[in-house]
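Residue numbers (my numbering): 99 to 364.
We put the CB at the ideal spot given by N, CA and C, even for glycine.
Quick caveat: nothing in here was measured; it's all calculated off a predicted structure.
Structure first, then comments.
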């Protein structure tokens with residue numbers, strides 16, 4: 099895993115593919131361990147759950163950052179995993195969306211067994227490379243998500259809308275079916291406020307829409323052209339991200355303008 103904000107693995111992100119690179123930057127707020135309580139939890143997709151954590155000492159986070167969750171069993175055994183944050187700003191609540199990894203140690207518990215009132219530990223906010231801040235630039239912004247890679251990009255799109263940021267925005271999401279799209283309500287709101295939203299469905303699409311994996315041609319049709327000089331954020335499984343980066347380079351995009359985050363099973 100490169101970059102540092104993995105969300106749960108989804109081996110089939112909806113592209114015709116194969117396997118560049120995120121990086122690390124400096125977070126604006128100092129990371130630390132915090133006590134957290136589950137404030138709310140509900141099903142997000144057939145295999146994923148939205149989890150809202152109340153973290154009284156949370157310093158806030160920038161759009162695109164992530165955190166580490168640490169669970170401690172009654173016998174003292176601990177497990178720590180990293181998850182992208184779907185919320186941003188100065189609030190002391192954190193929104194996560196966790197996709198179940200079959201055979202995983204942590205995600206099945208978070209998706210199937212975690213209850214409101216449960217306590218856990220959160221370390222963060224983490225990551226400075228993959229962040230986007232309203233008003234930092236008027237350059238166009240292109241977001242490309244594979245499966246649950248939409249999580250940090252939803253935070254970025256939401257922050258853009260909430261701030262009334264004037265930069266042109268586009269978001270391309272590749273999923274298997276309509277039910278597999280995370281944050282449908284939030285994405286519809288972003289689209290209503292000027293974010294150009296394109297969803298590619300690899301297995302089943304809404305009536306009247308084509309079905310098929312993401313290809314270089316479909317990518318080219320949805321994203322800003324290279325001459326627009328857009329900042330590009332790509333998040334998804336490693337094969338998805340590597341393929342999209344390859345296609346962007348082939349299409350003429352300056353790879354120095356691309357930030358990538360990938361995730362995988364632990």
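DSSP places residue 243 in the uninterrupted beta strand (DSSP E) bounded by 239 to 244. Counted as a single uninterrupted DSSP element, the beta strand (DSSP E) harbouring residue 329 occupies residues 329 to 335. Looking at the backbone, the Cα of residue 324 and that of residue 347 are separated by about 9 Å.
According to the DSSP assignment, residue 251 belongs to the alpha helix (DSSP H) that extends over 248 to 261. With contacts defined as CB atoms closer than 7 Å, residue 182 and residue 250 qualify as a contacting pair. Just measuring C-alpha positions, the residue of 153, 209 and 359 sitting nearest residue 189 is 153.
In this model, residue 134 and residue 168 are separated by some 10 Å (Cα to Cα).
Under the three-pair Cβ rule at 8 Å, the stretch 300 to 307 does not count as touching the stretch 315 to 331. Contact between residue 242 and residue 136 is absent: CB atoms are separated by about 31 Å, not below the 8 Å threshold.
Judged by DSSP secondary structure, residue 209 falls outside any beta strand (DSSP E) and instead within the alpha helix (DSSP H) spanning 205 to 210.
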